[in-house]
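Report on one structure; see the data block that follows.
2 protein chains.
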Amino acid sequence: MKFCNQCGADVEKRVPEGDNRPRHVCTACGTIHYQNPRIIAGCLPVHGDRVLLCRRAIEPRLGYWTLPAGFMENGESTEDAARRETLEEACAEVEIQSLYTLTSIVHVNQVQLIYLAEMPVPSFGPSEESLEVCLFDEAEIPWDSLAFETIRQVLRLYFADRKQQRFPLRHIEIDSNAFHSARVHD
Amino acid sequence: MKFCNQCGADVEKRVPEGDNRPRHVCTACGTIHYQNPRIIAGCLPVHGDRVLLCRRAIEPRLGYWTLPAGFMENGESTEDAARRETLEEACAEVEIQSLYTLTSIVHVNQVQLIYLAEMPVPSFGPSEESLEVCLFDEAEIPWDSLAFETIRQVLRLYFADRKQQRFPLRHIEIDSNAFHSARVHD
Ligand SMILES: [Zn+2]
Ligand SMILES: [Zn+2]
């Protein structure tokens with residue numbers, strides 16, 4: 001950030017009065033431009049004993065498999081966002097069951113919320129954002145072709161929890177781009 | 001938003017190619033400036049059968065009571081943020097138990113996460129952000145002097161759930177400034 005989006009003047013990085021960390025502050029109008037984590041909302045859609053994955057049609061990680069999820073927009077709830085992303089990316093309508101994972105992706109300033117969701121009818125398909133969309137049973141999951149570590153963690157936890165048929169909210173913390181870097185706790 | 005924070009040129013509001021909603025797009029460098037909901041993280045600190053509230057020293061709602069909570073910063077997890085806000089606003093160290101409420105505050109583009117937290121030692125006090133900090137039992141809660149509808153909902157649910165000693169994650173949706181406008185579901 002180099003310029004104030006309110007008045008166009010230069011911004012400088014300094015600690016505002018009463019604050020305790022550096023912010024981008026406008027040198028002319030004084031507006032403080034805060035930068036905060038963004039929310040990614042999505043679903044783990046389930047039909048019978050299979051889960052729905054999308055093969056990404058866009059960068060990053062084009063061609064790799066992921067769950068339908070994307071940035072939450074202004075003017076919607078977290079569940080609205082999760083349902084919308086599932087419809088946009090997988091052309092699937094789902095019934096949200098519960099919040100299943102909350103992942104703090106610290107190094108990129110994102111918080112990912114994945115809802116467990118029932119897909120009563122196995123109706124889905126590709127979209128502008130997905131090259132293909134498929135149902136996978138546990139043995140078929142393309143573990144080596146997953147797009148993101150966050151998604152690998154969600155799927156790993158899901159298949160473990162499914163053995164007990166209990167899906168408590170899981171907190172995950174990831175602070176590097178490396179796979180296998182997650183810290184998971186209840 | 002009137003100017004591009006990357007190059008200082010004018011921004012216009014239009015739907016970018018491949019998108020489906022209007023964004024602020026720079027007329028010179030083409031940068032798309034997304035605006036997304038922000039996360040507020042905090043705690044419901046409990047000591048014995050009492051809960052900790054803070055009387056706000058800052059606007060909005062100066063002088064009214066609230067739970068310790070504030071905007072999540074870049075570079076931290078949601079739980080880090082909840083603990084930090086509790087330390088900053090109430091000078092209290094807590095042990096987080098579980099995520100208790102997730103509130104989509106749709107009309108102001110915020111998502112509020114409140115963690116249930118144990119306060120093993122009743123050590124707390126005022127701060128730059130709190131005029132006073134006190135433990136309240138259920139009968140003492142200042143219901144008519146609470147700062148925000150979100151906080152009223154969290155406390156209302158907490159005292160109801162405490163009768164069963166079960167604290168499942170609650171989803172709340174609020175889409176107006178009016179008190180009593182919340183929609184609550186599991
Ligand atoms: Zn300015
Ligand atoms: Zn620009």
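Protein sequence lines correspond, in order, to chains A and B.
Residue numbers are given in full-length UniProt numbering: position 124 of the first sequence equals residue 124, and the series is strictly consecutive.
Residue numbers are given in full-length UniProt numbering: position 67 of the second sequence equals residue 67, and the series is strictly consecutive.
We treat Cβ as the ideally placed atom computed from N, Cα and C, and that holds for glycine.
Remember, predicted model here, so these are calculated numbers, not experimental data.
Interface partners of residue 91 of chain B on chain A, CB under 8 Å: Residues of chain A passing the Cβ test: none, with the nearest at roughly 14 Å.
Buried versus exposed call for residue 62 of chain B [16 or more other C-beta atoms within 10 Å across all chains shown]: exposed
Cβ-based burial, residue 65 of chain B [other Cβ within 10 Å; buried from 16]: buried
Those runs of the beta strand (DSSP E) which lie wholly inside the stretch 138–174 of chain B and span at least 3 residues: 170–174
is_contact[residue 110 of chain A, chain B] using C-beta, thresh 7 Å: no
Residue 4 of chain B CB to nearest heavy atom of ligand 1 below 6 Å: no
Three-state secondary structure (DSSP) of residue 67 of chain B: coil
C-alpha gap between residue 134 of chain A and residue 53 of chain A, whole angstroms: 6 Å
Residue 68 of chain A at chain B interface by Cβ criterion, 7 Å: no
Beta carbon proximity, residue 97 of chain B to chain A, threshold 7 Å: no
Segment contact flag, the stretch 39–58 of chain B with the stretch 81–98 of chain A, C-beta cutoff 8 Å, min 3 pairs: no
Nearest-angstrom Cβ-Cβ length linking residue 81 of chain A and residue 41 of chain A, presumed shorter than 8 Å: 4 Å
For residue 81 of chain B, the first and last residue of its enclosing beta strand (DSSP E): Residue 81 of chain B -> not in any beta strand (DSSP E); alpha helix (DSSP H) instead, spanning 78–90.
Residue 9 of chain B Cβ short of 6 Å to ligand 3 heavy atom set: As far as ligands go, the structure on display features ligand 1 and ligand 2 and does not contain ligand 3.
Cβ-based neighbour list, residue 200 of chain B, same chain, cut-off 7 Å, excluding 5 preceding and 5 following: No answer is possible for residue 200 of chain B: the residues shown for chain B start at 1 and end at 186.
Bridge-paired residues (DSSP) for residue 51 of chain B: B:46, B:136
8 Å Cβ cut-off: residues of chain B touching residue 169 of chain A: 98, 99, 169
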